[in-house]
């Protein structure tokens, strides 16, 4: 099974939000859509600058759109460009919709019979092909990434936020399509269905290249996996978190590779007061 570039990027970057890392994102034209014919356009890309179209498109394979009634929506007017992908969604019913891309991958290294170190990345299904039967010193790391954004039309609701119990998830106490400057928001994070206590979470606005600074807000969750913060200036933001926390590199040694890494990222819009 050939792993597409999206999964590779997610696995290697771990959805890291350092200033230099390439970041995948799903950016809706608006988080609140009005009108009898409610449509939204979504940009999808991997970029160095958050929401900048500067690197490569995000593959749309695996995108799932969950409706408020439990149904799935089809992507319409799909376009795969050189630097970004785009698609439209018609929102047929009032409520909140969740657009998500969940990826799983395995990567690591091994030594072949000649004693050479080989690296690989793929899927659970491709492991037998990626790693020879006579390989030694096999090191594996499994990566699960969840990338989301949210759109509401009419009266927002919370039906799409039922957790799956797998990986790192955000279960909002405050609907993420109803965010306004100066108000407080509460988000709950779960790891495999249980509260993700003392979990570091970042909130970063787009437009870094115009500000010259990252502008990151970082907080840790409490014992219930919750955090509350006052919403900053209006704009599009990325919420992100990963587990376990990255360990500092040891000079002269290869980077430590956790047996399992899970990450979460979502694009949200903060509206003016």
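Residue numbers (mature numbering (1 follows the signal peptide of the UniProt record, and there is no 0)): -21 to -1, 1 to 252. Ideal Cβ placement from N, Cα and C applies to all residues, glycine included.
Counted within 10 angstroms of its Cβ, other Cβ atoms place residue i as buried (16 or more) or exposed
i           : result
residue 142 : exposed
residue 191 : exposed
residue 215 : buried
residue 45  : buried
residue 230 : exposed
residue 163 : exposed
residue 36  : buried
residue 227 : exposed
residue 165 : exposed
residue 117 : exposed
residue 104 : exposed
residue -9  : Residue placement at residue -9 is poorly supported in this model, since its pLDDT is 38, which falls under 50; the coordinates still yield a value, given next. Buried is the call here.
residue 242 : buried
residue 77  : buried
residue 218 : buried
residue 204 : buried
residue 96  : exposed
residue 152 : exposed
Per-residue DSSP class, three states only, for residue i
i           : result
residue 109 : helix
residue 30  : coil
residue 190 : helix
residue 139 : helix
residue 39  : coil
residue 215 : strand
residue 17  : coil
residue 162 : coil
residue 23  : strand
residue 92  : coil
residue 122 : strand
residue 237 : coil
residue 244 : strand
residue 169 : strand
residue 203 : coil
residue 133 : coil
residue 157 : coil
residue 227 : coil
residue 249 : strand
residue 85  : strand
residue 12  : strand
residue 152 : coil
residue 104 : coil
residue 182 : strand
Proximity test, Cβ basis, 9 Å: residue i and chain B
i          : result
residue 92 : The structure shown contains no chain B, having only a single protein chain.
Proximity below 9 Å, CB of residue i to CB of residue j
i           : j           : result
residue 120 : residue 240 : yes
residue 244 : residue 126 : yes
residue 17  : residue 69  : yes
residue 150 : residue 168 : yes
residue 232 : residue 199 : no
residue 32  : residue 2   : no
residue 210 : residue 249 : yes
residue 57  : residue 128 : no
residue 124 : residue 80  : yes
residue 187 : residue 206 : no
residue 237 : residue 251 : no
residue 6   : residue 246 : yes
residue 48  : residue 28  : no
residue 220 : residue 147 : yes
residue 98  : residue 85  : no
residue 83  : residue 115 : no
Residue i beta carbon near the ligand SAM (any heavy atom closer than 8 Å)
i           : result
residue 207 : As far as ligands go, the structure on display features none, and thus does not contain the ligand SAM.
**Request:** Count the CB pairs spanning the stretch 37 to 45 and the stretch 104 to 115 that are closer than 8 Å, and state whether there are at least three.
**Result:** no
**Request:** Kindly provide the ranges of any beta strand (DSSP E) runs that are 3 or more residues long and lie completely inside the stretch 41 to 72, ordered along the chain.
**Result:** Listed in chain order, the complete beta strand (DSSP E) runs (minimum 3 residues) inside the stretch 41 to 72 are 42 to 45, 55 to 59 and 64 to 69.
**Item:** Meets three-Cβ-pair contact criterion under 8 Å: the stretch 5 to 14 and the stretch 192 to 211
**Value:** no
**Asked** Would you say the stretch 120 to 139 touches the stretch 173 to 184, given that touching needs at least three Cβ pairs under 8 Å?
**Response** Contact between the stretch 120 to 139 and the stretch 173 to 184 is absent: fewer than 3 CB-CB pairs across the two stretches fall below 8 Å.
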